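Residue numbers (this note's numbering): 1317 to 1467. Beta carbons: idealized from backbone N, C-alpha and C, even for Gly. Predicted model, so just to flag it, every value in this text is computed and none were measured.
As structure tokens, then:
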């Protein structure tokens, strides 16, 4: 089941990539059904807040009519950063599943492990490495292409 939802997140990342966004996709699931899909929109919106996770959270909250995403899981192609991890904790998301680890900004175990900090009143379960190779290749190919265009 995890692979099925991560594949949907990868498809969202590809939608973002077609818009020249960094290819990160997210899917939020409740009771086995997708309630939100999103990709990065930072370039389009010209705002750092529009990470795939943040857009997905906003869509999911609107869909269920509550800011609490209790009973929901997120599948995201890249390990969430501090901003997104904080939002996922605050939204009371149950599980965070991610694909590629992020050595530069990952806050679900790589740089920091915010969800396991006992000082927070909510601690979502984390599982990284879901379809890791596919997710990592998507990002590395995107940046490789960007670097070639600069030369």
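- In this chain, the beta strand (DSSP E) harbouring residue 1353 covers 1349-1355.
- By a beta-carbon distance limit of 8 angstroms, residue 1371 does not contact residue 1415. Their separation comes to about 17 angstroms.
- By the Cβ-count criterion, residue 1382 is exposed, with fewer than 16 other Cβ atoms from all chains shown falling within 10 Å of its own Cβ.
- Residue 1398 carries a helical assignment under DSSP once its states are collapsed to helix, strand and coil.
- With at least 16 other beta carbons inside 10 angstroms of its own, residue 1321 counts as buried.
- Three or more Cβ pairs drawn from the segment 1326-1345 and the segment 1383-1393 lie within less than 8 angstroms of each other, which places the two stretches in contact.
- Judged by DSSP secondary structure, residue 1346 falls within the beta strand (DSSP E) whose first and last residues are 1341-1346.
- With a beta-carbon spacing of about 13 angstroms, residue 1354 and residue 1385 fall beyond the 8 angstroms limit used to define contacts.
- Distance between residue 1358 and residue 1374, taken at the CA atoms: about 15 angstroms.
- Assigned with DSSP and collapsed to three states, residue 1458 falls in helix.
- According to the DSSP assignment, residue 1326 belongs to the alpha helix (DSSP H) that extends over 1318-1334.
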